[in-house]
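Using our numbering, the letters of the sequence shown map in sequence onto residues 6 to 571.
Note that beta-carbon positions come from the ideal geometry of N, C-alpha and C, so glycine has one too.
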Amino acid sequence: MDIKNKTVLVLGGWGLVGNAVIRKLMPEEPKKIIVTSLRKEEAEDEVKRLKVEFPDKPDDYFEPWWGNIFVRYEFKDSDRVALLEEAASRKRLMQDTMEELSDEILHSSAIFKLMMKFKPDIVIDSINTATGIAYQDLYTTYRRIKKTIERKPTAEEIAAETEKLICTQYIPQLIRHVQIMYNSMYQAGTNIYVKIGTSGTGGMGLNIPYTHSEEKPSRVLLSKSSVAGAHTLLLFLMGRTPEGPITKEIKPTAAIAWKRIEFGEIKKGGKPIEVVEVPLDKAVSLTNKFKLKLDNKFIPSGNKLQSVFIDTGENGTFSRGEFEAITAQGQMEYVTPEEIADDAIYEILGGNTGHDIINALDNATLEPTYRAGFMQHWAVEKLEELEELHGTNSVAFELLGPPRLSKLLHEINLLKQIYGGMRNIINDSPANLSSKAFEYLQNNAKLRNEMISIGIPILFADGKSLLRGNDIKIPPFRGDNELDINDSNIDLWAHDGWIDLRESNMKTWQHRLEAIISEAESILPSNTSSMYVRTKKYWSDFEKIDIGKVVGWIFIKEEKGERMKA
């Protein structure tokens, strides 16, 4: 797509890659660039530098935004460790991650607020998501809980540590991040999303020699790779979602360097490293127990560690020796941020760099085959033949799921058994459909009991009576054995997985079948091209109902669940 006159959001714009992306964007003349970073001073400092570098741009051309995009807006400027230590904020973090995604969770998120404020056409995400999530370090949380249990804690202490453990789970956080990211971009009308990802190991294998003071390879490092891989597969699915943004990922497999080379203070976590002077006579005796933390800390000298360094952005500040070692041939080696930025922008413009992971996966996955499509007809015919031989209807077993699939199949099968063809169904009244369906089930104990035995209950026409078995799939168990019964919940549960005999649902079925007939009849008989699939012939001229075809149509048209790629 054309970048000119488009609003571009650069997530991690202060960072090494984000910094290069912004400068490479300038020749394309976007309308506005939003520069984000975790800290306020970083975002504002970067915008100040950009204004000096590009003085001809309007004052509001570069706009800073800061905060943690992985939490709700009210927490975006808070330290995550501090949030976990405070009971109320910890519970909120846990609920935001683990509860079903609601409008409240979505609309309260920092990402959603950011997207709704600027409504960017293009999002370039150079935040190291895998590091941000995986380096919360689940293993440290485990060790802390282990120690807590050993000292016989109170119930309150156990509850607090358990909540922290839940908040540290990688995959739920990643899933929620992608859910919110997708929904926010969809509502903002974003056209394209480019993720600058990571392999987690700088392109090296399980023999990577750099550890986190653990076994080799480091579990923490492999956690980063695992999250990065899971993130890629979620973006792969995002890229297969109709009406969503075009999704691409550039995944460097080398160290990324560099932003600047200077002499100055060496900082860790944004703070200068204090030099501690320890006399030789203060050496500790290696007897009994070794203390990782001193009872009495040495007093800092007041000096700050200073040296020549190379700033590699998110990967840290390296000495000459460190940089030379990790970028040596046969080690991580390295790629420049400008090369990454070139690839990202070329992909946005419609070019093919060969470095888009999503496109690579599209081309490497085994798609549906001609043979399978041909054999599908034979399999359906064989199933139908056996149905006739054994005098039964193969409708739904609720082993595949979701329950809504079983509910829809059973409802259309019920109408099929009573009326035969589609036109007969739409020509009767919803009241008659409802009463005849109830009567049919009343007289057919076998079908009735099959429905409830697979966990799909039957809601009677009055909307107040439910025929159910020992187990039901909807509503799902969420920790509470008793739930409030009200009209809203009944409608929700009936939609998701109850066979619904109410007149309103019968009217819905009539509208569906009318739409199917109208859609097929709108195709001119003279049009025998390959353009259309669901013709009158596909629907057996509406005289015979294939229940799977009808429910497939519903999933495409109502649920917007159509596959968009082979």
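Measuring straight from C-alpha to C-alpha, what distance separates residue 555 and residue 437? Distance between the alpha carbons of residue 555 and residue 437: 21 Å.
To the nearest angstrom, how far is it from the Cα of residue 445 to the Cα of residue 560? Answer to the nearest angstrom: the Cα atoms are 26 Å apart.
Determine, using beta carbons only, whether residue 13 and residue 129 come nearer to each other than 9 Å. A contact, by the Cβ cut-off of 9 Å.
Candidates 313, 193, 183 and 249: closest to residue 236 by CA position: It is 183 whose Cα lies nearest to the Cα of residue 236.
Own chain, CB closer than 6 Å to residue 400, minus 5 neighbours either side, in chain order: These residues qualify, in order along the chain: 414, 415 and 418.
What residue range does the beta strand (DSSP E) around residue 270 cover? Boundaries of the beta strand (DSSP E) around residue 270: 265-270.
When you compare the region 454-465 with the region 501-510, are there three or more beta-carbon pairs, one atom per stretch, that lie closer than 8 Å? Here the region 454-465 makes contact with the region 501-510; the two share three or more CB pairs at distances below 8 Å.
Could you check which residue in 395, 35 and 22 has the C-alpha nearest to that of residue 9? Of the listed residues, the one whose Cα sits closest to residue 9 is 35.
Cut-off 6 Å between Cβ atoms - residues of its own chain near residue 544, not counting five sequence neighbours on either side: Only 525 meet the Cβ criterion.
What does the alpha-carbon distance come out to for the pair residue 2 and residue 258? Not covered by the structure: residue 2. The range shown for the chain is 6 to 571.
For the region 87-103 and the region 171-178, state whether three or more C-beta atom pairs, one from each stretch, are separated by less than 8 Å. Taking a cut-off of 8 Å on C-beta distances, the region 87-103 touches the region 171-178, as three or more cross pairs fall below it.
Beta-carbon gap between residue 131 and residue 185 smaller than 9 Å: No Cβ-Cβ contact shorter than 9 Å links residue 131 with residue 185.
What does a CB cutoff of less than 6 Å around residue 510 pick up in its chain, not counting 5 residues either side in sequence? Contacts found: none.
Among 282, 295, 302 and 33, whose alpha-carbon lies nearest the alpha-carbon of residue 310? The option with the nearest alpha carbon to residue 310 is 282.
What's the C-alpha gap between residue 198 and residue 250? Between residue 198 and residue 250, the C-alpha separation is close to 6 Å.
Beta-carbon proximity of residue 202 to residue 227, cut-off 9 Å: No, the pair does not count as a contact, with Cβ atoms beyond the cut-off.
Burial state of residue 475 (16 or more Cβ within 10 Å): Exposed, by the Cβ-count rule.
Reduced DSSP secondary structure (H/G/I, E/B, other) of residue 307: If DSSP states are grouped into helix, strand and coil, residue 307 belongs with the strands.
9 Å Cβ cutoff met for residue 261 and residue 271: Result no, Cβ atoms of residue 261 and residue 271 do not sit closer than 9 Å.
Given a cut-off of 9 Å on the beta-carbon distance, is the pair residue 24 and residue 46 in contact? Contact annotation: residue 24 and residue 46 have beta-carbon atoms that are not nearer than 9 Å.
Is the region 132-146 in contact with the region 67-85, if contact means three or more CB pairs nearer than 8 Å? Yes, the region 132-146 touches the region 67-85.
So the alpha helix (DSSP H) residue 22 belongs to, where does it begin and stop? That run of the alpha helix (DSSP H) goes 21-30.
Taking C-beta to C-beta, are residue 39 and residue 117 nearer than 9 Å? No, the pair does not count as a contact, with Cβ atoms beyond the cut-off.
Out of 17, 11, 557 and 7, point me to the one whose CA is closest to residue 342's CA. The residue among 17, 11, 557 and 7 with its C-alpha nearest the C-alpha of residue 342 is 17.
Rank 79, 168 and 532 by C-alpha distance to the C-alpha of residue 147 and give the top, closest one. The closest CA to that of residue 147, considering only 79, 168 and 532, is found on 168.
If distances are taken between C-alpha atoms only, which option among 256, 557 and 82 comes closest to residue 518? The option with the nearest alpha carbon to residue 518 is 557.
Going by DSSP, what residue range makes up the alpha helix (DSSP H) through residue 67? Residue 67 -> not in any alpha helix (DSSP H); beta strand (DSSP E) instead, spanning 67-71.
In whole angstroms, give me the CA-to-CA distance for residue 55 and residue 215. Looking at the two C-alpha atoms, the distance is approximately 36 Å.
Pick from 564, 348 and 569: whose alpha carbon is nearest that of residue 30? For residue 30, the closest of 564, 348 and 569 by C-alpha to C-alpha distance is 348.
Would you report the Cα separation of residue 465 and residue 244, rounded to the nearest angstrom? The alpha-carbon atoms of residue 465 and residue 244 are separated by roughly 41 Å.
Are at least three pairs of beta-carbons, each pair with one atom in the region 330-339 and one in the region 207-214, less than 8 Å apart? At 8 Å Cβ cutoff, the stretches touch.
Would you mind giving the Cβ-Cβ distance between residue 264 and residue 316, rounded to the nearest angstrom? I have them listed as a contact below 8 Å. Confirmed, Cβ separation roughly 4 Å.
Near residue 507, which residues of its chain fall below 6 Å by C-beta distance, leaving aside the five closest residues on each side in sequence? These residues qualify, in order along the chain: 466 and 468.
Go ahead and pull the three-state DSSP assignment for residue 233. Looking at residue 233 - three-state DSSP - the assignment turns out to be helix.
Cα separation between residue 431 and residue 363? About 45 Å.
What does DSSP give as the partner residue(s) for residue 323 in the beta ladder? Residue pairing for residue 323: DSSP places it in a beta bridge opposite 315.
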